[in-house]
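Colleague:
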Amino acid sequence: GELWGEVVQDDAVWSLEERRFVQVAMDKRKKTWWKSAVVGGSEIDTTKVDSTCKLEDYDQGTQAAINKVMFDEHQKRKGLPTSDEMSQHEILRKAWDAEGSPFKGQPFDPSAVNFGGGNGAMPGVPGMPG
């Protein structure tokens, strides 16, 4: 029958067991749950499957993404900035005194920058209406 999803064909292996069963081992191309092994086959009850994995079982990119999500959730619970917010803050800090910046020479104050897309007025900032 037709498989539910794609497999890595070059890595598929089969063997004859007890001279009467063919055992086929294949790796799925994407690590996702399939409804069944073959299209039209009986559905798999995923609630009865142990789907836990150790963090080190994942590739480095997935590990990094999981760690980032966990860090960001921890930060949010504590009322602290997420990793993206910290990165944006650092970029803004570097740009603050950059050549041509209207903020050059002023004390760093990220609240003076309007990220919300309002009218762009920044009171007290030279060259900016407000």
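Each residue of the sequence shown is one higher than the one before, starting from 1 at the first, in this note's numbering.
Glycine included, each C-beta is placed from N, C-alpha and C at the ideal position.
Computed from a predicted model, the values in this text were never measured in an experiment.
Got a sec? Which residues, its chain only, sit under 6 angstroms from Gly-1 by beta carbon, not counting five neighbours each side?
Modeller: Excluding sequence neighbours, Gly-1 sits near Val-38.
Colleague: If Arg-29 sits next to Gly-5, beta carbons under 8 angstroms apart, how far is it from one beta carbon to the other, in whole angstroms?
Modeller: So it is a contact: roughly 7 angstroms between Cβ atoms.
Colleague: Based on Cα-Cα distance, which residue from Lys-54, Asp-59, Trp-33 lies nearest to Thr-47?
Modeller: Here the closest residue by C-alpha is Trp-33.
Colleague: Secondary structure at Phe-71, three-state DSSP: helix, strand or coil?
Modeller: Phe-71: helix per DSSP, three-state reduction.
Colleague: Whole angstroms are fine: how far does the CA of Ser-51 sit from the CA of Leu-92?
Modeller: So the two alpha carbons sit approximately 42 angstroms from each other.
Colleague: Using a Cβ-Cβ cutoff of less than 6 angstroms, which residues in the same chain neighbour Gly-79 once the five nearest sequence positions on both sides are dropped?
Modeller: There are no such residues.
Colleague: Could you name the residues that DSSP lists as bridge partners for Gln-23?
Modeller: According to DSSP, which records beta bridges pairwise, Gln-23 is partnered with Ser-15.
Colleague: Output needed for Asp-11: all residues of its chain with C-beta closer than 6 angstroms, excluding positions within five of it in sequence on either side, in chain order.
Modeller: Correct list, in chain order: Asp-27.
Colleague: Nearest-angstrom Cα distance between Ala-25 and Glu-56?
Modeller: Rounded to the nearest angstrom, the two C-alpha atoms are 23 angstroms apart.
Colleague: For Asp-97 and Ile-44, what's the separation of their Cα atoms in angstroms?
Modeller: Rounded to whole angstroms, Asp-97 to Ile-44 spans 59 angstroms at the Cα level.
Colleague: Kindly indicate which three-state DSSP category Leu-80 falls into: helix, strand or coil?
Modeller: Correct three-state label for Leu-80: coil.
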